[in-house]
Amino acid sequence: MASNSSNEDVPIIYNYQDPSSFIASILMIVNGSFGVVCNSLIIYIFCKETKERTAFNVICMVRAFVNLYILITNHLGLFVPMTLSGKAIVSKTLETWAISMSNSLYMANEYLTVVISVNRFISLFFPLYYVKLCGMKPTVVILIVMYAYRIGAVAKETISFTAINCYILYYVEYLSWLPDFSPQCSGNSGILLFMAVNFAIVSVINVATFAKIFKFYKNQNKTDKESRKRIKKNIYLFIQTVLQDSLYLIDISFTFYFNSFYDYRFWTFFCGTFVWQSLHSLDGFIMIMFNERLSFLKKQLFQPLASKVSFVRVSQVPSRVHSNA
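According to this note's numbering, the residues represented by the sequence shown are -15 to 309, in order.
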């Protein structure tokens, strides 16, 4: 009797013909495009509107630029084409550089959560020292030092890793990126400890800020008008900060905890790639919705329409009635 060929010997090709790969690509394109639009608007408004160039807004602008870089270079420029084609589109070294740089800038954005929390804390507790401690110049210096350190650190680490053939690559069979787990490539990055310490610092500062806000509402009648206006503005920025901080907590939870629940390919994509991408897209969306720059957008979009509408002056009505009488 002739033996039947087994389908198990046929290699599985993961490309656009595979339903999971195709759906994952569509999700990344839609989610990434949404994030590109939101973060681009943040940068555009900051450059266009001079009144919005405050210390807090320059932090948001830098966050938006990092989000934009990661979405374009990694997800839309690297992950989507690889998922659709089912193969690598650049060398292992270049792919490692792209993913490592994005991860390093992602961690720099994590540093910003502390900077923003301190910014809100000083604005509420020490408003007289805000310009000196959190003004434009000290903020720009902090940002330059912070991101220069992260870029330098990842450059040094990536050069040493690729020299011994250690790579961080995106695998189409998992729809997610993974580091090389070989013994010579293993290292203690301390990311979990860093996240824990960072979260603890931000939590303590945010609790103190919330206590100040609660005290304000309790004694609102005793506060002068200007102080009420200032504190209410800080309340909105505080809510924005808390929401942005929660995004990173969600990302870490899915990456290091929920990811191990199932061994399905699409679940790996959701926890490892889609949630990470959503972090940068939603970060830009939150900055749009909670910032006064949204009023600038409304003015630019609807003012031309309003200028075309003609209104009857009220002062003309009595004269017309009087003439008819």
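By construction, the Cβ of each residue, glycine as well, lies at the ideal position given by its N, Cα and C atoms. As the structure is a prediction and not an experimental result, all values here were calculated from the model.
DSSP bridge partner residues for residue i (one or two, in chain order)
i, result
"I152", "P163"
Whole-Å CB distance - residue i paired with residue j, under 8 angstroms assumed
i, j, result
"R47", "F222", "About 16 angstroms separates the two Cβ atoms, so there is no contact after all."
"N15", "S262", "6 angstroms"
"F200", "I215", "5 angstroms"
"M120", "V42", "7 angstroms"
"L70", "V156", "A small correction: the amino acid at residue 70 is Gly; Leu does not occupy that position in the sequence shown. Contact flag correct, Cβ pair sits at about 5 angstroms."
"C22", "I272", "5 angstroms"
Residue i - DSSP class collapsed to helix/strand/coil
i, result
"N87", "helix"
"Q125", "Sequence check: residue 125 is Val here, not Gln. The answer is helix: DSSP assigns V125 an H, G or I state."
"F274", "coil"
"F105", "helix"
"Q168", "helix"
"F238", "helix"
"F245", "coil"
"Y232", "helix"
"D267", "helix"
"G16", "helix"
"N(-1)", "coil"
"G136", "helix"
"G119", "coil"
Proximity test, residue i beta-carbon vs the ligand COA heavy atom, cut-off 8 angstroms
i, result
"M130", "The ligand COA is not part of this structure, which contains no ligands at all."
Stretch-stretch touch, CB-based, cutoff 8 angstroms, three pairs: the segment 187 to 199 with the segment 98 to 116: Because the criterion of three Cβ pairs below 8 angstroms is met, the segment 187 to 199 and the segment 98 to 116 touch.
Three-pair Cβ contact test at 8 angstroms for the segment 7 to 23 versus the segment 83 to 99: no
Alpha helix (DSSP H) runs contained entirely in the segment 22 to 72, provided each spans 4 or more residues: 39 to 54 and 64 to 69
Contact between the segment 55 to 65 and the segment -1 to 13 (3+ Cβ pairs under 8 angstroms): Yes, since at least three Cβ pairs between the segment 55 to 65 and the segment -1 to 13 fall closer than 8 angstroms, the two stretches touch.
Touch test, the segment 135 to 148 against the segment 72 to 91, Cβ-Cβ under 8 angstroms, three pairs minimum: Enough Cβ pairs lie closer than 8 angstroms, so yes.
Segment contact flag, the segment 242 to 258 with the segment 145 to 165, C-beta cutoff 8 angstroms, min 3 pairs: yes
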